[in-house]
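Note that this note's numbering has the sequence shown beginning at 4, numbered continuously upward.
Cβ coordinates follow ideal geometry from the N, Cα and C atoms, glycine included.
The structure displayed is predicted, hence computed values, not measured ones.
I have placed the structure first, in the form of structure tokens, so that the comments after it can refer back to it.
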Amino acid sequence: FLLSVSINTMTMSRSYPSRKASLLSLLSVLLISINISTSTKICPTFQRIKRPSSLASTTVSIASAAMFPRGGGAAKLASSTATPTTTNAPSAMLSSFLRTVIDAQSHLYAAAAARAVSIFGMYPVDTIKTRMQMKQGDAFRMGGLYTGVTGSLVGQVPYGVLTFGSYEIYKKSLLNRFPNVKPAFIYALSAILGDVTGSGWLCPSEVMKQQLQAGIYPSMSEAIKGIWKKGGVGGFYQGFTGGLARDVPFRVAQLTTFEVTKSLYLRAKQRKSSADDDSVSLSSLEAAICGAAAGSFSAAITNPLDRIKTLMMTDTTNAYGGSVAACASKILKDEGLGGLFAGVVPRVGYIAPSVCIFFVTYELVQQKMKKSD
Numbered sequence: 004f005l006l007s008v009s010i011n012t013m014t015m016s017r018s019y020p021s022r023k024a025s026l027l028s029l030l031s032v033l034l035i036s037i038n039i040s041t042s043t044k045i046c047p048t049f050q051r052i053k054r055p056s057s058l059a060s061t062t063v064s065i066a067s068a069a070m071f072p073r074g075g076g077a078a079k080l081a082s083s084t085a086t087p088t089t090t091n092a093p094s095a096m097l098s099s100f101l102r103t104v105i106d107a108q109s110h111l112y113a114a115a116a117a118r119a120v121s122i123f124g125m126y127p128v129d130t131i132k133t134r135m136q137m138k139q140g141d142a143f144r145m146g147g148l149y150t151g152v153t154g155s156l157v158g159q160v161p162y163g164v165l166t167f168g169s170y171e172i173y174k175k176s177l178l179n180r181f182p183n184v185k186p187a188f189i190y191a192l193s194a195i196l197g198d199v200t201g202s203g204w205l206c207p208s209e210v211m212k213q214q215l216q217a218g219i220y221p222s223m224s225e226a227i228k229g230i231w232k233k234g235g236v237g238g239f240y241q242g243f244t245g246g247l248a249r250d251v252p253f254r255v256a257q258l259t260t261f262e263v264t265k266s267l268y269l270r271a272k273q274r275k276s277s278a279d280d281d282s283v284s285l286s287s288l289e290a291a292i293c294g295a296a297a298g299s300f301s302a303a304i305t306n307p308l309d310r311i312k313t314l315m316m317t318d319t320t321n322a323y324g325g326s327v328a329a330c331a332s333k334i335l336k337d338e339g340l341g342g343l344f345a346g347v348v349p350r351v352g353y354i355a356p357s358v359c360i361f362f363v364t365y366e367l368v369q370q371k372m373k374k375s376d
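Set out below in structure tokens:
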């Protein structure tokens, strides 16, 4: 509830001081959600789940290179543990975060490489999507397809580490505080909170990337200077609420759709193999395929929010009002309902290939690292 209030306040606040105060409020809520227990004692939840393809272990494959991949090494995500502590001081939280990252460094190295390759490989499609959402003529022109890719990589790769680490902290804290709540719900909520936390890092690079893709600035250095001159620090968080308004519903739709897809696939696989329920599970490749299907569907239904986010981040004249509601209202007034789905084809087409590129790269890097060890 508090999280929703903070986001809504930021959406409605047009002045930078108000947004800054709201952002601080949002970050406070996130810290409070970490401080919900007096220790980081971890419940043995994975012993309670019969199928190895649990939501926690497949969240990685769901997102694979579409919005945020936590990597293809699902088992690493599920099995990471932390040394129990007896304090919730900020220093203890930071220590827990760093310990989580260090314990999963092999997974994170492979995920970072896979993320970088998938972003670079599919970046032209993302640029075309941005042009179509901004209603620019000749969206398929060859020039400038890779403009802003460096800034995107700088933002996305550390974002993966930050989101993974915070996801683990949220998960452990929530599992300890609410032992009777279904683990699947805890994993989903932790994934959402992890995305929200990581958005604080990601937003500035997204603003620069989209303004470069739109042709507002010719280079990264010019973008940094221009954004700083117009809005200071707040300029790099232009459209922050639009990003949250897109990412949270996307994550909910993605996780839900993935679970439905996985369940249907497992039932079909069980009937075909005539095996008992407990022995049927998804392979890594099957999880990636289900994740690609779930991600593509989720991308389609959240495209209106993605377009709002794009317009908010590239709106240098405040033509769209500076809030999610004002932007949506202007799109509907000027373009009708169809305007909300501009760029839906490249957005959906971006997901499945990204998952495949991510999955293949991740496995190759993991195998290379194992051989070197």
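Grouping DSSP H, G and I as helix and E and B as strand, with all else coil, what is residue i?
i, result
"L314", "helix"
"S83", "Any answer about S83 is weak, because its pLDDT of 41 lies below 50 and its placement is not dependable; what the coordinates show is given next. In this structure, S83 counts as coil in the three-state DSSP scheme."
"V283", "coil"
"G298", "helix"
"N321", "coil"
"L148", "coil"
"K185", "coil"
"G339", "coil"
"D141", "coil"
"Y162", "helix"
"Y220", "coil"
Look at the alpha carbon of residue i and the alpha carbon of residue j, and state the distance between them as a whole number of angstroms.
i, j, result
"L196", "Y173", "7 Å"
"K138", "K132", "10 Å"
"E209", "M96", "27 Å"
"I291", "R118", "Going by the sequence as given, residue 291 is Ala instead of Ile. Their Cα atoms are separated by approximately 14 Å."
"K233", "K175", "41 Å"
"G147", "M372", "35 Å"
"M145", "L288", "33 Å"
"Q136", "Q108", "37 Å"
"V368", "P221", "34 Å"
"M316", "T364", "31 Å"
"A345", "S286", "35 Å"
"P161", "F100", "14 Å"
"I227", "T150", "14 Å"
"D129", "G339", "24 Å"
"G341", "L192", "32 Å"
"W231", "K185", "45 Å"
"G352", "A303", "10 Å"
"F181", "I189", "9 Å"
"A388", "M223", "Past the boundaries of the shown model lies residue 388; the chain is included only from 4 to 376, so the question cannot be answered."
"S94", "N183", "29 Å"
"I334", "N321", "14 Å"
"A113", "T166", "15 Å"
So, are the CB atoms of residue i and residue j less than 9 Å apart?
i, j, result
"A355", "S299", "yes"
"D309", "R350", "yes"
"L267", "V283", "no"
"K312", "G246", "yes"
"L314", "C293", "no"
"V348", "A295", "no"
"T244", "V327", "yes"
Would you say the beta carbon of residue i comes nearer than 8 Å to a heavy atom of the ligand FMN?
i, result
"P182", "The model on display carries no ligand, and the ligand FMN is accordingly not part of it."
For the putative contact between residue i and residue j, defined by C-beta atoms under 8 Å, what is the C-beta separation to the nearest angstrom?
i, j, result
"G168", "T103", "5 Å"
"V152", "F123", "6 Å"
"K212", "S277", "Between S277 and K212 the Cβ distance is about 50 Å, and since that is not below 8 Å, they are no contact."
Uninterrupted beta strand (DSSP E) stretches inside the region 339-374 (no shorter than 3 residues): Counting only runs that start and end inside the region 339-374, there is no beta strand (DSSP E) element of at least 3 residues.
Can you give, in chain order, each stretch of the alpha helix (DSSP H) that sits fully within the region 243-276 and has at least 4 residues? Along the region 243-276, the alpha helix (DSSP H) occurs as fully enclosed runs of 4 or more residues at 243-276, listed in sequence order.
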